[in-house]
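Residue numbers (the numbering used here), protein chains in the order written: chain E, 5 to 157; chain P, 1365 to 1446.
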């Protein structure tokens, strides 16, 4: 069961939500990450996502398994988009269903936070002014980067 | 130490700076740390090893892990998923 996966096509939440349906579950929580039209003061035109898929899928599955065991959530799923995305498109979708709402919220929150920090996925922003840059990479390349270790684990 | 044949795959900023997605090379580097040093001499990589992680054969690895004949190495720039 591939509970973590990548797609190059637009993410449609409806069938994903159906995958998480479970008669024993009374709560369902989902998180969608959308492409935003600005970042740190710069107007963004579109985004490009790239992943080291062989490792990211394995690590993504590990994150989902952690969420299941940590919060006792039977069903949790994450789909991440790759390629070129326009403003407003869904970049990532996380859903969790559980007997009660509390665990569903916790699991969905846990998964998106870990996905952002642990998976080898990169985002290139293309700006309105014609510039572009890999998020978290260009400033790391600055000479004083050693003084600003980021949350990369 | 004799050279070993390795495959290196590049992603994101490193892919642009190397100008390639993947290459096969003979290297005397005994560890990923030594290999990144070799590659930095060849390509205009701006990322310091301190901000990278490394994977060998599609699993996270230590910078000091001994490299073996046939290993596939990926240097992982700061991530930005989600």
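Where is the CB? At the ideal position from N, CA and C, for every residue including glycine.
The beta-bridge partner set that DSSP reports for residue 1386 of chain P consists of P/1373. Residue 1440 of chain P: not part of any alpha helix (DSSP H); member of the beta strand (DSSP E) spanning 1436-1440, first to last residue. Sequence-distant partners of residue 1436 of chain P (beyond 5 residues in either direction) whose C-beta falls short of 6 Å from its own C-beta, in its chain, are 1371 and 1421. The Cβ-Cβ distance between residue 1423 of chain P and residue 1368 of chain P does not fall below 9 Å. Under the three-state reduction of DSSP output, residue 15 of chain E falls in the coil class, being neither helix nor strand. For residue 50 of chain E, the three-state secondary structure derived from DSSP is strand. Ranking E/131, E/72, E/79 and E/83 by CA distance to the CA of residue 91 of chain E puts E/131 first. Three or more Cβ pairs drawn from the segment 32-45 of chain E and the segment 93-101 of chain E lie within less than 8 Å of each other, which places the two stretches in contact. In this structure, residue 141 of chain E keeps its C-beta atom at 9 Å or more from the C-beta atom of residue 1403 of chain P. In the structure shown, residue 1407 of chain P adopts coil according to DSSP, grouped into three states. The segment 46-57 of chain E makes no contact with the segment 99-111 of chain E: fewer than 3 CB pairs, one atom from each, lie closer than 8 Å. In the structure shown, residue 104 of chain E falls within a coil segment according to DSSP collapsed to helix, strand and coil. In the DSSP assignment, residue 1424 of chain P falls within the beta strand (DSSP E) that extends over 1423-1425.
Residue-level contact by beta carbon fails for residue 69 of chain E and chain P, as no gap is shorter than 9 Å. Contact between the segment 114-127 of chain E and the segment 77-86 of chain E is present, with at least three C-beta pairs closer than 8 Å. In terms of Cβ geometry, residue 1384 of chain P and residue 1375 of chain P do not form a close pair [threshold 9 Å].
Sequence-distant Cβ neighbours of residue 10 of chain E in its own chain, meaning closer than 8 Å and more than five residues away, are 55, 57, 60, 61, 83, 84, 85 and 86. The C-beta separation of residue 44 of chain E from residue 8 of chain E comes to about 28 Å, leaving the pair out of contact by the 8 Å criterion. Measuring C-alpha to C-alpha distances from residue 129 of chain E to each of E/48, E/30 and E/15 identifies E/48 as the nearest.
Interface annotation for the segment 79-96 of chain E against chain P: 84, 95 and 96, criterion Cβ-Cβ distance under 9 Å. Taking a Cβ-Cβ threshold of 7 Å, none of the residues of chain E is close to residue 1434 of chain P; the smallest such distance is about 16 Å. Residues are counted here when their Cβ sits less than 7 Å from a Cβ of chain E; for the segment 1374-1405 of chain P these are 1375, 1376 and 1377, given in chain order. Legend: CB atoms of the segment 31-45 of chain E lying less than 7 Å from CB atoms of chain P belong to residues 37. Check the Cα spacing between residue 1394 of chain P and each of P/1425, P/1431, P/1427 and P/1409: the tightest is with P/1431. Here the C-alpha atom of residue 1440 of chain P lies approximately 19 Å from the C-alpha atom of residue 1389 of chain P.
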